[in-house]
Each structure stands twice: as C-alpha cells, then as structure tokens.
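Here the UniProt record's numbering is used: position 95 in the sequence shown is 95, and no number is missing along the way.
Glycine residues also receive a C-beta, built at the ideal position from the N, C-alpha and C atoms.
Below you'll find the structure, written out as structure tokens, and then a few comments.
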Amino acid sequence: MSGNQERTYLMIKPDGVQRGLVGEIIKRFEQKGFKLVALKFVQPTEEMLQKHYADLSGRPFFAGLVKYMASGPVVAMVWEGLNIVKTGRQMLGETNPADSKPGTIRGDFCIQVGRNIMHGSDSVESANKEIALWFKDEELVSWQPADKVWVYED
Ligand code: DAT
Ligand code: MG
C-alpha cells in the first residue's frame with residue numbers, strides 16, 4: 001500500500017451535528033484533496049463509545065465523555081491520503097479548543113474540551129482499530145477520484 005493510501009477515522013460528534021457543521025467539516029477534507037472512503041450517519045451506543053474511547057476509561061471525564069458522545073447522532077467517516085493521520089490532526093487542532101489555532105476546525109468552531117465537535121485518529125494504529133470498530137469491510141468503498149493526478153505528483 002503506497003503512502004497515499006493511509007487512512008484515518010474521522011467523526012463529527014453530536015455537537016458538530018446539532019450545530020449544523022457537518023457540511024463545513026466535510027468540505028475542508030474534500031477541498032484539501034483527501035479521498036472519502038466511507039461515511040455513515042449513526043446514533044452510537046454507549047457500548048460502542050466505551051470501546052472507541054477504551055484507552056481513556058480510567059480518566060475522571062470518561063463517563064461524561066461517553067454520555068456526551070451518545071447524546072445524539074454522529075457522522076462516522078473514513079478518509080484516505082498521504083500522511084492523513086497527522087495532517088488530519090493538524091486540521092482538527094488541539095484537543096482543547098482554547099489551545100487550537102484559528103484556521104483549525106476546533107480553533108474556528110468550538111470553545112471547550114468537552115464540546116470539541118470532532119474526533120480524528122491519533123496514529124495509523126489507532127486509525128486501523130477505529131475503522132474496524134465503526135465500519136464493516138464491505139462499507140469501505142473502492143473508487144478512483146477523477147482528480148488524483150492533479151492532487152498527487154505520481
Ligand atoms: P483527542 O480527541 O484530541 O484525540 P483525547 O483522545 O485525549 O483527545 O480525548 C478524547 C476526548 O475526550 C477529547 O476529544 C475530549 C475529551 N477530553 C479529553 N481530555 C479531557 C478533559 N481533560 N476534560 C474533559 N474532556 C476531555
Ligand atoms: Mg484521541
């Protein structure tokens with residue numbers, strides 16, 4: 001698999017959906033040149049979210065995090081592209097929106113860490129785990145964007 005096929009799991013959280021930011025957030029990844037591989041609008045269960053955030057289960061904010069994340073539908077997505085895990089995190093901004101630069105998603109659209117509107121995988125390893133948690137293999141779409149040669153050198 002070439003570097004251009006690196007994948008990440010991105011999720012618009014319930015506050016991003018409720019605040020009408022779905023189109024704006026997807027637009028940024030689309031305009032950047034990344035490739036959409038899978039997308040679904042789902043009401044996540046607490047069980048799914050406990051698995052998704054299993055690494056944080058010992059943290060004091062865990063119960064509140066799961067409750068907030070289960071409070072409404074989310075947009076679950078897989079995106080692909082060169083260095084997308086790292087670049088995706090840069091496009092999101094810092095975990096705490098107060099530390100996020102203007103121009104980033106969290107820097108532009110939210111204020112507090114417990115309402116930071118979007119999730120992005122923090123490593124290729126966690127991306128693979130998260131993609132497998134949220135999507136079945138057959139939901140990952142194989143397609144060739146028409147602009148590929150204009151986005152990548154080769
Ligand atoms: P990120 O979402 O940037 O990968 P993380 O994985 O450390 O950050 O934490 C997952 C989510 O948990 C984060 O998006 C918001 C919430 N969170 C993290 N730290 C928190 C804190 N100190 N208080 C409240 N919520 C927190
Ligand atoms: Mg994280």
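- At least one heavy atom of the ligand MG sits closer than 7 Å to the Cβ of D122.
- Per DSSP, reduced to three states, the secondary structure at A146 is coil, with no helix or strand assignment.
- Cα atoms of K86 and T8: separation of roughly 9 Å, rounded to the nearest angstrom.
- When secondary structure is reduced to three states using DSSP, Y68 falls in the helix class.
- A132 and E153 have their C-alpha atoms roughly 30 Å apart.
- Take H52, set aside five residues on each side of it, and the residues of its chain with a beta-carbon closer than 7 Å to its own are E130, L133, in chain order.
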